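J.: Structure incoming, see below.
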Amino acid sequence: MHDTTRVPGPIPTRPGAGSDARSAPAPRAFSLRTTDVVLAGLLAAFFAAFTYFPIHHTDVWAHLRFGQEIVRQHALPRHEPFPESLGVDKEAPYIHYQWLAQAGAYLIYEAGAALSPADADHRLGGGALFLVTAHALVLVLRFLLLYLAFVRLTDSPPVALLGVVLAGGMGLVVHLMILRPQVLGELAFAAVLLALSRPVPSRRALVWVPLVFLAWANCHGSFVMGFALLGAVTAGRALEVVGREGAHFSAARALLADGPLRRLSALLVLCVLATMVNPHGPALLSDSYALSKNPNIATMEEWKPLPFKNAVHWAFFGSVLLLALLLRLSPRRFTPAQVLLLLGFGLESVAHARMVVWWVMVFAWVAVPHLHALAGRAPCLADRGRPSLRKTAAALALIVALLACSRTALWLLWGDAPTSAGRVTAVTPVHALDRIRTADAVRDLGARLSAATPLEAAALIPTGPRPHVVFASETLGDYLLWDIGQEGRGPAVRICCYTHVHLFPKDYWDRCMRVKNAARGWQHVLDEMGADILVLEYDQYEQDEHRKRGEPPGFSNLIDRVREAGDRWQVLSAPGAPVFLARRVR
Amino acid sequence: MARPAVTRALALVLLAAVFLRADLAPVAILDSWSDWKYGHWIWEHKQLPRHEPFSSYSDPGLPLRDGGWLAEVTYYLVIARTGLEGVALLHALLETAKAGLFLLAVRRAGGSLGTALAATLLMEAACWPFFSAIRTSVPAEVCWAGLLLACSAPRPPRAALVAAPPLVALWANLSPTFGVALLLLGGLLVGRFFEEVRARRGLVAAAGDPAVVRLGLMLALSAGAVCCNPYGSSHLHDAFGPAGLAVLDARLWPKLIPVEQWESRVVIASALVVLAVLRLSPRPFTPAEVLLTATFAVWAWLDKRGTPWWLMLGPWLLAPHLKAIFDASAPRVVLPRGADAAPLAYALVGLAALLVLLSPAARWAVGRPLPPEERVGPLTPYHLVAELTTREPGAPQRRVFSEPYWWGDYLLWRLPAGDQVFWYSRPEGFMRPRNETLPGLDPSPAEWRSLVERYRFNTLVVRADSGPGLRAYLAETPPGEWVVVEDNTSPDSPGGGPASRGLIVVRRTAP
Numbered sequence: 413m414h415d416t417t418r419v420p421g422p423i424p425t426r427p428g429a430g431s432d433a434r435s436a437p438a439p440r441a442f443s444l445r446t447t448d449v450v451l452a453g454l455l456a457a458f459f460a461a462f463t464y465f466p467i468h469h470t471d472v473w474a475h476l477r478f479g480q481e482i483v484r485q486h487a488l489p490r491h492e493p494f495p496e497s498l499g500v501d502k503e504a505p506y507i508h509y510q511w512l513a514q515a516g517a518y519l520i521y522e523a524g525a526a527l528s529p530a531d532a533d534h535r536l537g538g539g540a541l542f543l544v545t546a547h548a549l550v551l552v553l554r555f556l557l558l559y560l561a562f563v564r565l566t567d568s569p570p571v572a573l574l575g576v577v578l579a580g581g582m583g584l585v586v587h588l589m590i591l592r593p594q595v596l597g598e599l600a601f602a603a604v605l606l607a608l609s610r611p612v613p614s615r616r617a618l619v620w621v622p623l624v625f626l627a628w629a630n631c632h633g634s635f636v637m638g639f640a641l642l643g644a645v646t647a648g649r650a651l652e653v654v655g656r657e658g659a660h661f662s663a664a665r666a667l668l669a670d671g672p673l674r675r676l677s678a679l680l681v682l683c684v685l686a687t688m689v690n691p692h693g694p695a696l697l698s699d700s701y702a703l704s705k706n707p708n709i710a711t712m713e714e715w716k717p718l719p720f721k722n723a724v725h726w727a728f729f730g731s732v733l734l735l736a737l738l739l740r741l742s743p744r745r746f747t748p749a750q751v752l753l754l755l756g757f758g759l760e761s762v763a764h765a766r767m768v769v770w771w772v773m774v775f776a777w778v779a780v781p782h783l784h785a786l787a788g789r790a791p792c793l794a795d796r797g798r799p800s801l802r803k804t805a806a807a808l809a810l811i812v813a814l815l816a817c818s819r820t821a822l823w824l825l826w827g828d829a830p831t832s833a834g835r836v837t838a839v840t841p842v843h844a845l846d847r848i849r850t851a852d853a854v855r856d857l858g859a860r861l862s863a864a865t866p867l868e869a870a871a872l873i874p875t876g877p878r879p880h881v882v883f884a885s886e887t888l889g890d891y892l893l894w895d896i897g898q899e900g901r902g903p904a905v906r907i908c909c910y911t912h913v914h915l916f917p918k919d920y921w922d923r924c925m926r927v928k929n930a931a932r933g934w935q936h937v938l939d940e941m942g943a944d945i946l947v948l949e950y951d952q953y954e955q956d957e958h959r960k961r962g963e964p965p966g967f968s969n970l971i972d973r974v975r976e977a978g979d980r981w982q983v984l985s986a987p988g989a990p991v992f993l994a995r996r997v998r
Numbered sequence: 082m083a084r085p086a087v088t089r090a091l092a093l094v095l096l097a098a099v100f101l102r103a104d105l106a107p108v109a110i111l112d113s114w115s116d117w118k119y120g121h122w123i124w125e126h127k128q129l130p131r132h133e134p135f136s137s138y139s140d141p142g143l144p145l146r147d148g149g150w151l152a153e154v155t156y157y158l159v160i161a162r163t164g165l166e167g168v169a170l171l172h173a174l175l176e177t178a179k180a181g182l183f184l185l186a187v188r189r190a191g192g193s194l195g196t197a198l199a200a201t202l203l204m205e206a207a208c209w210p211f212f213s214a215i216r217t218s219v220p221a222e223v224c225w226a227g228l229l230l231a232c233s234a235p236r237p238p239r240a241a242l243v244a245a246p247p248l249v250a251l252w253a254n255l256s257p258t259f260g261v262a263l264l265l266l267g268g269l270l271v272g273r274f275f276e277e278v279r280a281r282r283g284l285v286a287a288a289g290d291p292a293v294v295r296l297g298l299m300l301a302l303s304a305g306a307v308c309c310n311p312y313g314s315s316h317l318h319d320a321f322g323p324a325g326l327a328v329l330d331a332r333l334w335p336k337l338i339p340v341e342q343w344e345s346r347v348v349i350a351s352a353l354v355v356l357a358v359l360r361l362s363p364r365p366f367t368p369a370e371v372l373l374t375a376t377f378a379v380w381a382w383l384d385k386r387g388t389p390w391w392l393m394l395g396p397w398l399l400a401p402h403l404k405a406i407f408d409a410s411a412p413r414v415v416l417p418r419g420a421d422a423a424p425l426a427y428a429l430v431g432l433a434a435l436l437v438l439l440s441p442a443a444r445w446a447v448g449r450p451l452p453p454e455e456r457v458g459p460l461t462p463y464h465l466v467a468e469l470t471t472r473e474p475g476a477p478q479r480r481v482f483s484e485p486y487w488w489g490d491y492l493l494w495r496l497p498a499g500d501q502v503f504w505y506s507r508p509e510g511f512m513r514p515r516n517e518t519l520p521g522l523d524p525s526p527a528e529w530r531s532l533v534e535r536y537r538f539n540t541l542v543v544r545a546d547s548g549p550g551l552r553a554y555l556a557e558t559p560p561g562e563w564v565v566v567e568d569n570t571s572p573d574s575p576g577g578g579p580a581s582r583g584l585i586v587v588r589r590t591a592p
């Protein structure tokens, strides 16, 4: 017969307060355990390896451009300030959900660019490497916070390390490589998890957690995820009290008298108040809600439901299977807060792929105590070694050695200054504007491009007498928007759209989507926009289906349609080039 | 006369409600009309088609295995002799039989009629979109329920051993989905074998377990019985993945999890129920339960075609656990018994009778059947196609293009013999054109011209909202070459509505 008894979970205690720790002599300050050394090595290796990866061409470049504007003007623009962007409602107020992250990222980029040789390619490489380094640092901090949270939950460093590996592994599949202001929100989320990992949040948490929210509200609009987290834990605690007291009048009194609940409620209220300290004041909360209801947002892939044939789906699916095992086998009780968190974040993840980012941390936070209850006593998860200074020294040596191998160290210590190659993804149209200028000077340059340097595909666009109007996918539009804003960059170019989709009127954005999806009338829309250049990347979602049919991949069929419309568009990019480039036939 | 028990009376009410609901169902938009047409062809020719028999647009080189021939002929004979009301009654009876067999299966597995009632209610609610239309796949689902009943006892009785093979043989002639029967039996056998290996600590001892032996026999005999079909043993191979056959998109999940669809929401909800039961059930999960739950739940999550089977299997597997949970935690619902129960029980039996009397079948019995336009469903172009059901003597055969493609099913059923339908919801019907370049939704005038000229269509039947491109194309053609007939039926009238409104465009001159 299956053992149906449920052992109430041990009350989480402070790190090092377990029975083994009590029997052992008090460790010296700065003494580390074997697990700590392993963690230090893993994080340092992760940091070093991460600096070799390029910046993904998501929305990072438009944020940098906004940051540049803020830093240069020493003020927050009231409206979208870029004359190069078409279609944006220039009269509508611009809400600064992430001004601090934008300005900070720009300063970091500029620091890297300033240390580089003066040419544009090295400046881009240096700036991008500094950004990636900062990104890696934020991720390492996040893992460290998660580790501390898991240690608080389980009092077991090896299991906490397992939890970090779990969250990191899932994150690698899901989003870790993506640099955007949200990474600071994710760091703040991990910090809140750390505060919530005690049975009752400490008094100090009443001070520092609201400060985290204050920073979060100025760095990214995802601070509402923090409210969801705090709200679920508070509601879970309330349910626990009601469950204990039963549905009587006494339950109301018990709710009011319950210390942890009062502390959690106070924390929630203080955090809400803290988020009001921002350039827009309390209106930011209603603006955030309005942003979530913006109809353009729903057209973005990351806000759509989970795609089946995608690594993110498989990561989520795998976590649900692991959850099923834990639900059956864990001797610990699942608290109402855990159930609320799993249900809320799980269902939201199915409905919006972007939510998996938060699910990864919530899932790990819920799963780790149960993993500990289930497997914590396994010999392979025991760290019986005593903390010692020798281990601390070993950890330091490991960290120094690994950091010395990082790409950033190679540059700063040995002078190997990076260029853009390898620092930004191959799809990023890095030299587009330079080469447009070159091509302006040499109008009759050949139409077909070399496949050898796909990044430079955009370089050979012949120009007309008026500013070029470029229809790029919104992510490539981001880079072009950034590049236009740099001093002495290229000829006058206007872009039709970029990733700040909420800035565009719905009708205009729908027309952009019609072009992107090659829906009926896409040519007509491009005619209306006056677009004479197309810059597109190949869509990952479409590739498999095209390959199955033995066709080259296309970007939501638009590339196929452009190829077919040879009387109107001349394809300039070579087959297999990561960037698809076409110009209007004059 | 014995007094009826309240629980049994509740079961009667449930079955009557299922009967009423199923009898109100319209004909499914996919498959049904074309399936009946295939039944007609088989009955007329007294043989099975070797390739797609109706359309010159299909590829004659593609072999056709008609795994549902028996259901097609049965449905055809019923509609030919009794009309749409007869088919509706057949559907209602089959759905009721399915629910009844399922109820008995869960009762046998869970040991309580109350739990069985709850599980059946759950199953019917979950399968709502699947049983809300008349489909020729329902007989196979009845077989599935029957098989679940046969497998409900811890050790299958002799009767199950005798009943299962003919049931699976019948299924193999009713629908190509019979593979799930073998999957179920195989899962039960493997699970039971593991259980015995763990209990007896020996492979040989486990293999000698009477339940293992009986399940093994059931599986072997059923696999053998599958071969009793017109295609022999090759049909068995087809069940687990016929090579080269296209699958309609409508039968698969789209690229993104369709959270707005009922079927998808039900699968997600079923996953939550499984997780909750995993946590809360005080009963041990047997290896067979784990194996079958994992297999079918994952299948349904990833492939829409697994959904109807999972939504019946899930409640059946979980019913004993649900009962254990309620027994352990919830206060028992004590229904009146004995003399106290009689008035309530009689009232419930009366309610069940009333539900049956309210059904269209009862109206049909007294000579007031539902009008056919209410049977065809809101998505079928009933009024529109009425224009095409006859052809003048000497008039050329029609070559008909329809948009959406599944209007082709209804056209196939209604058009006179000899008219050619471009495509319908059988992959083998339009395999060849599908491989060629066809315009996407809302074709441009140039795409219409190319389409019409390439396939020499002389009749176009399209939905009203896909008309702009077509109208632009017609405006470019010489006046009088095409005649446009629009559906002017009121949207509020039976058989009318925006989803079935369309226009017919007929070419006057020979192409």
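Taken in sequence, the protein lines are chains L and R. Every number in the numbering used here is 412 more than the matching position in the first sequence, counting from 1. Every number in the numbering used here is 81 more than the matching position in the second sequence, counting from 1. Every residue gets a Cβ at the ideal spot worked out from N, C-alpha and C, and that includes glycine. Values in this document were obtained by computation on a predicted structure and should not be read as measured data.
Excluding sequence positions up to five away, which residues of its chain have a Cβ less than 6 Å from the Cβ of Pro691 of chain L?
T.: As a first step, residue 691 of chain L is located in the first sequence; it is residue number 279 there, counting from the start. Answer for Pro691 of chain L: Leu488 and His508, listed in chain order.
J.: Could you tell me whether the segment 136-145 of chain R touches the segment 163-176 of chain R, where touching means 3 or more Cβ pairs closer than 8 Å?
T.: These segments do not touch.
J.: Would you kindly report the start and end of the unbroken alpha helix (DSSP H) that includes Phe211 of chain R?
T.: Along the second sequence, read from residue 1 onward, the residue named residue 211 of chain R stands at position 130. Careful: Phe211 of chain R lies outside any alpha helix (DSSP H) and carries neither H nor E.
J.: Can you give the Cα-Cα distance for Phe183 of chain R and Pro291 of chain R, rounded to whole angstroms?
T.: Residue 183 of chain R sits at position 102 when you count from the first residue of the second sequence. Residue 291 of chain R sits at position 210 when you count from the first residue of the second sequence. Going by the C-alpha atoms only, they are around 25 Å apart.
J.: Decide if Leu685 of chain L is buried, meaning its Cβ has at least 16 other Cβ atoms within 10 Å, or exposed.
T.: Within the first sequence, the letter at position 273 stands for residue 685 of chain L. Leu685 of chain L is exposed by the Cβ-count criterion.
J.: Say whether the segment 485-501 of chain L touches the segment 554-573 of chain L, bearing in mind that this needs 3 or more beta-carbon pairs closer than 8 Å, one atom from each stretch.
T.: Because the criterion of three Cβ pairs below 8 Å is not met, the segment 485-501 of chain L and the segment 554-573 of chain L do not touch.
J.: I want to see whether chain R comes within less than 9 Å of Phe757 of chain L, judged by CB atoms only; does it?
T.: Along the first sequence, read from residue 1 onward, the residue named residue 757 of chain L stands at position 345. No, its Cβ sits nowhere closer than 9 Å to a Cβ of chain R.
J.: Name the chain R residues whose beta carbon is nearer than 7 Å to that of Ala1040 of chain L?
T.: Outside the displayed span of chain L (413 to 998) sits residue 1040 of chain L, for which this structure offers no information.
J.: Flag Pro830 of chain L as yes if its beta-carbon sits less than 9 Å from any beta-carbon of chain R, otherwise no.
T.: The sequence position of residue 830 of chain L within the first sequence is 418, counting from 1. Not one chain R Cβ lies under 9 Å of Pro830 of chain L.
J.: Given a cut-off of 9 Å, decide if Met637 of chain L and Phe661 of chain L are closer than it, judged by their beta-carbon atoms.
T.: Counting from one through the first sequence, the residue named residue 661 of chain L turns up at place 249. Counting from one through the first sequence, the residue named residue 637 of chain L turns up at place 225. No, Cβ-Cβ distance for Phe661 of chain L and Met637 of chain L is not below 9 Å.
J.: What does the Cβ neighbour count give for Val315 of chain R, buried or exposed, with the cut at 16 atoms within 10 Å?
T.: Along the second sequence, one-based indexing puts residue 315 of chain R at 234. Sequence check: residue 315 of chain R is Ser here, not Val. It is exposed - the Cβ of Ser315 of chain R has fewer than 16 other Cβ atoms within 10 Å.
J.: State the Cα-Cα distance for the pair Gly897 of chain L and Ala930 of chain L, rounded to the nearest angstrom.
T.: Sequence index remark: in the first sequence, residue 897 of chain L carries index 485 (1-based). Sequence index remark: in the first sequence, residue 930 of chain L carries index 518 (1-based). Each residue's alpha carbon lies about 29 Å from the other.
J.: Does any C-beta atom of chain R lie closer than 9 Å to the C-beta of Lys918 of chain L?
T.: As a position in the first sequence, residue 918 of chain L is number 506, starting the count at 1. Chain R contact via Cβ: absent.
J.: Assign Val243 of chain R to one of three DSSP states: helix, strand, or coil.
T.: Taking the first residue of the second sequence as 1, we reach residue 243 of chain R at position 162. When secondary structure is reduced to three states using DSSP, Val243 of chain R falls in the helix class.
J.: Could you list the residues in the segment 645-672 of chain L with a C-beta less than 8 Å from some C-beta on chain R, going in chain order?
T.: The residues in question: there are none.
J.: Given that Val762 of chain L touches chain R, what residues does it touch there, using C-beta distances under 8 Å?
T.: As a first step, residue 762 of chain L must be located in the first sequence, where it is residue number 350. Those within 8 Å of Val762 of chain L in chain R are Ile338, Val340 and Ile349.
J.: Just curious, the beta strand (DSSP E) that Leu946 of chain L is in, first and last residue?
T.: By 1-based counting over the first sequence, the position of residue 946 of chain L is 534. For Leu946 of chain L, the enclosing beta strand (DSSP E) covers residues Ile945 to Glu949.
J.: Across which residues does DSSP place Val882 of chain L in a beta bridge pair?
T.: Taking the first sequence and counting its residues from 1, the one referred to as residue 882 of chain L is at position 470. Partner(s): L:Ile907 and L:Ile945.
J.: Tell me whether Thr470 of chain L is buried or exposed, calling it buried when 16 or more other Cβ atoms sit within 10 Å of its Cβ.
T.: In the first sequence, residue 470 of chain L corresponds to position 58, counting from 1. It is buried - the Cβ of Thr470 of chain L has at least 16 other Cβ atoms within 10 Å.
J.: If we ignore side chains and look at the alpha-carbon of each, how far apart do Ala678 of chain L and Gly671 of chain L end up?
T.: Counted from its first residue, the first sequence places residue 678 of chain L at position 266. Counted from its first residue, the first sequence places residue 671 of chain L at position 259. Distance between the alpha carbons of Ala678 of chain L and Gly671 of chain L: 11 Å.
J.: Return the CA-CA distance between Leu872 of chain L and Ala977 of chain L, expressed in angstroms with no decimal places.
T.: Within the first sequence, residue 872 of chain L is the residue found at index 460, counting from 1. Within the first sequence, residue 977 of chain L is the residue found at index 565, counting from 1. Only weak support exists for where Leu872 of chain L lies, its pLDDT of 44 falling under 50; the coordinates are left without a value.
J.: Please report the distance separating the alpha-carbon of Leu129 of chain R from that of His782 of chain L.
T.: Locating residue 129 of chain R in the second sequence gives position 48, where the first residue counts as 1. Locating residue 782 of chain L in the first sequence gives position 370, where the first residue counts as 1. C-alpha separation (whole angstroms): 59 Å.
J.: Residues of chain R with a CB under 8 Å from the CB of Leu735 of chain L: which are they?
T.: The residue given as residue 735 of chain L occupies position 323 in the first sequence. Chain R residues near Leu735 of chain L: Leu356.
J.: Is the shortest distance between the beta-carbon of Trp382 of chain R and the beta-carbons of chain L less than 9 Å?
T.: To locate residue 382 of chain R, count along the second sequence from 1; it is residue 301. Cβ-Cβ to chain L under 9 Å: yes for Trp382 of chain R.
J.: Gly283 of chain R lies in the alpha helix (DSSP H); which residues open and close that run?
T.: For the purposes of this step, residue 283 of chain R is identified with residue 202 of the second sequence, where counting begins at 1. For Gly283 of chain R, there is no enclosing alpha helix (DSSP H), as DSSP marks it with neither H nor E.
J.: Name the residue from L:Val974, L:Ala457, L:Leu668 and L:Cys792 whose alpha carbon lies nearest to the alpha carbon of Ala813 of chain L.
T.: On the first sequence, position 401 is the one that residue 813 of chain L refers to. Selected option, being the one with the closest Cα: L:Ala457.
J.: Are the Cβ atoms of Ala253 of chain R and Ala320 of chain R separated by less than 9 Å?
T.: For the purposes of this step, residue 253 of chain R is taken as the residue at position 172 of the second sequence. For the purposes of this step, residue 320 of chain R is taken as the residue at position 239 of the second sequence. Closer than 9 Å, so yes.
J.: Beta-carbon of Leu359 of chain R versus every beta-carbon of chain C: anything under 9 Å?
T.: Absent here is chain C; the protein component of the structure consists of chains L and R.
J.: Mind checking which residues open and close the alpha helix (DSSP H) that includes Phe555 of chain L?
T.: Walking along the first sequence from the start, residue 555 of chain L turns up at place 143. Run containing Phe555 of chain L: Ala532 to Thr566, per the alpha helix (DSSP H) assignment.
J.: With a cut-off of 8 Å on the beta carbons, I'd call Ala785 of chain L and Ser742 of chain L a contact; round off their distance for me.
T.: Working through the first sequence from its first residue, we reach residue 785 of chain L at position 373. Working through the first sequence from its first residue, we reach residue 742 of chain L at position 330. The pair is a contact, with the Cβ atoms about 5 Å apart (cut-off 8 Å).
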